[in-house]
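**Q** Residue numbers (the working numbering): 345 to 779.
1. Which whole-angstrom value describes the C-beta separation of residue 467 and residue 484, a residue pair presumed to lie in contact below a C-beta threshold of 8 Å?
2. Label residue 622 either buried or exposed according to how many other C-beta atoms from any shown protein chain fall within 10 Å of its C-beta, with 16 as the threshold for buried.
3. Do you know whose CA, among 481, 576, 385 and 545, lies nearest residue 517's CA?
4. Once the 5 residues before and after residue 532 are set aside, which same chain residues still bring their CB inside 6 Å of it?
5. Run through DSSP, which three-state label would residue 404 get?
6. Confirm, please, whether the CB-CB distance from residue 613 to residue 426 is below 8 Å.
7. Using only the alpha-carbon positions, how far apart do residue 582 and residue 705 sit?
8. With the cut-off set at 8 Å, would you say residue 503 and residue 459 are in Cβ contact?
9. Pair every Cβ in the segment 427–441 with every Cβ in the segment 566–574, then say whether three or more of these pairs are closer than 8 Å.
10. Give me the Cα-Cα distance between residue 631 and residue 611, rounded to the nearest whole angstrom.
11. Taking buried to mean at least 16 other C-beta atoms within 10 Å of its own C-beta, is residue 358 buried or exposed?
12. Buried or exposed for residue 640, going by 16 or more other Cβ atoms inside 10 Å?
13. Spell out the partners DSSP gives residue 478 in its beta bridges.
14. With a 10 Å radius around its C-beta and 16 neighbouring C-beta atoms as the bar for buried, classify residue 567 as buried or exposed.
15. Report buried or exposed for residue 397, applying the criterion of at least 16 other Cβ atoms within 10 angstroms of its Cβ.
16. I believe residue 437 touches residue 496 by the beta-carbon criterion, under 8 Å. Please report the beta-carbon distance rounded to the nearest angstrom.
17. With 16 as the cutoff for other CB atoms within 10 Å, does residue 588 come out buried or exposed?
18. Between the C-alpha atoms of residue 595 and residue 457, what's the straight-line distance to the nearest angstrom?
19. May I have the straight-line CA-CA distance separating residue 683 from residue 617, to the nearest angstrom?
20. For the alpha helix (DSSP H) holding residue 443, just list the boundary residues, first then last.
21. Return the chain-ordered list of same chain residues with a C-beta closer than 7 Å to the C-beta of residue 608, the five sequence neighbours on each side being excluded.
22. My assumption, with CB atoms under 8 Å, is that residue 620 sits in contact with residue 667. Please give the rounded CB distance.
23. Do you know how far the Cα of residue 615 is from the Cα of residue 570?
24. How far does the beta strand (DSSP E) with residue 591 in it reach, from first residue to last?
25. Can you give the Cα-Cα distance for residue 452 and residue 494, rounded to whole angstroms?
26. One question on the structure: do residue 606 and residue 440 come within less than 8 Å of each other, judged by their Cβ atoms?
27. Buried or exposed, going by whether 16 or more other CB atoms sit within 10 Å of the CB of residue 656?
28. I'd like the span of the beta strand (DSSP E) that includes residue 675, first residue to last.
29. Compare the beta carbon distance of residue 685 and residue 691 with 8 Å and say whether it is the shorter of the two.
30. Ordered along the chain, which non-local residues of its own chain (more than five positions away) have a Cβ less than 6 Å from that of residue 585?
31. Identify, in the order they occur along the chain, each residue of the same chain with its Cβ nearer than 6 Å to the Cβ of residue 648, setting aside the five sequence neighbours on each side.
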C-alpha cells in the first residue's frame, strides 16, 4: 500500500490533469527499490541509446538543448529545410501499462529474477490520496510507474527507448544530414520529453504513426495541445504542415529553453532575472548577517540561472543586473563599503564567497570543452560542421580554442568563447581536460 500527494503544476488548478501525483512509500519498499535501481544503473548505459540523457550516468540534459540549438544554427545558415517536432505526453509516467514494462524488460534480456522483482513491486497495489492531511479510501492501481520511487525514472527510460528504437529503424523517418559527418539520429530524449529533427513530410507522418503504435502498446497518449513544431531554414514561414501541431518559425521551448533563429535573449533571460529578484525580495526584510546573506544569494535564487547560462549566451545586461541584485541584497541597498572583488573572495582571504557571476559562467562554459571531446551524443557533430572544426581537432585543445577564436560562423561556441575570448583567456587547459 502507498499514499499519494498531488503537486500543483502549471495551469488551471481546477483541472485534475494539472496535478501531479507523488507517491509516499514506506522505508522497506524504498530500500528494495533502491537496490533494483542500483542494479539497473550498472547496465543501462549499454541498453539505452546515447540520444536519451535521463537517468544514464555520464549523460547531461543540456546536450539535448545543445544539439537542437546547433541544428537551428546550421539550418539557418545553410537554408536546409528542417523541422523540429517537440512531443508532449499526457501524464507520461502515470499512463504506462505494467504489462508493457515487464514485456520491455524481457525483450531487453533482463533475467527472470530481475523481472520478478519488478513485478513484485506492482502486484496487488492499493493506494490512497492524502488531501489536506486526510486520506481517501484505498483503491487498486493497474498502470503507471510511481513518481517518487527511485526505480521509476529508469523503468520509464526503458519504455521510452522502445519508441526510439522504432523511430531509428523506420526507413521512412529521415533526420538531418551534416556535411562530412553524415546523417545523425532524428531523435533526442529526456525521459518523456521527445524532440525529433526531420527533413521530409513523409518522416513527420511516419513519426506520428510510430507514436500511435506506442499509444496502443503502452497506454501512452500524445498531448497535442502542448506538442509544438518549429520550421527552420528553407521551410521557415511554411503554412502547409503535413501533421497537426502548433507550428512556429520563430521559437520553440524545449527543456525550459527557448530556441530558434531569432534573438531570444529577452524571453530566455527576463523571467530568470525576475525570479531571482522575487526570491531576494522575500528575504530582504529579514535580519541576516553578511555571511547569511551570502549563503542565501548563492543557494536559493541562482539555481534558476546556471542551467540556462550553461546552454545559451548570457548577455552583458543580464550579468550586470545579476551582480547589481547580488550586491544590493548583500549591502541592504546601502553604499558598498568594500570592493566587490573583495566580497567574492573566500573567507580565508577576508571575503564572504558571494558568487562572482561572470567567473561562474566561465566555469560552466569550460565544462563544455570536456563534453565536446568525450560525449558520444550527436551535438559535437553539429559543432564540427557549424564552426568548421574537424573531428580530429577534439584531441588538440589549443588548436580547438585557436580555431574557435578565429571562426566567423554563427555558433554558440563562437559567441561564448571566440567573440569575448572568455574561456580561452580564463580557463587553465589542464584544469578543464587532461589529454
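Where is the CB? At the ideal position from N, CA and C, for every residue including glycine.
**A** Straight from the coordinates:
1. Contact flag wrong, Cβ pair sits at about 11 Å.
2. So residue 622 counts as exposed.
3. Comparing Cα positions, the closest option is 545.
4. 395, 408, 411 and 539
5. coil
6. no
7. Taking the straight line joining both Cα atoms gives about 37 Å.
8. Judged by their CB atoms, residue 503 and residue 459 are not nearer to each other than the 8 Å cut-off.
9. Taking 8 Å as the limit for Cβ pairs, the verdict is that the segment 566–574 does touch the segment 427–441.
10. Our two residues, residue 631 and residue 611, have alpha carbons roughly 34 Å apart in a direct line.
11. exposed
12. buried
13. 475
14. Counting Cβ neighbours within 10 Å, residue 567 comes out exposed, since fewer than 16 surround it.
15. buried
16. 6 Å
17. exposed
18. 48 Å
19. If I take the Cα positions, the gap works out to 23 Å.
20. Start and end: 442–451.
21. 595 and 602
22. So it is not a contact: roughly 11 Å between Cβ atoms.
23. 20 Å
24. Unbroken beta strand (DSSP E) run through residue 591: 590–592.
25. Distance between residue 452 and residue 494, taken at the CA atoms: about 20 Å.
26. no
27. When all chains shown are included, residue 656 counts as buried.
28. No beta strand (DSSP E) holds residue 675; DSSP gives it neither H nor E.
29. no
30. The beta carbon of residue 585 lies closer than 6 Å to those of 591 in the same chain, with the five residues before and after it left out.
31. 616 and 619
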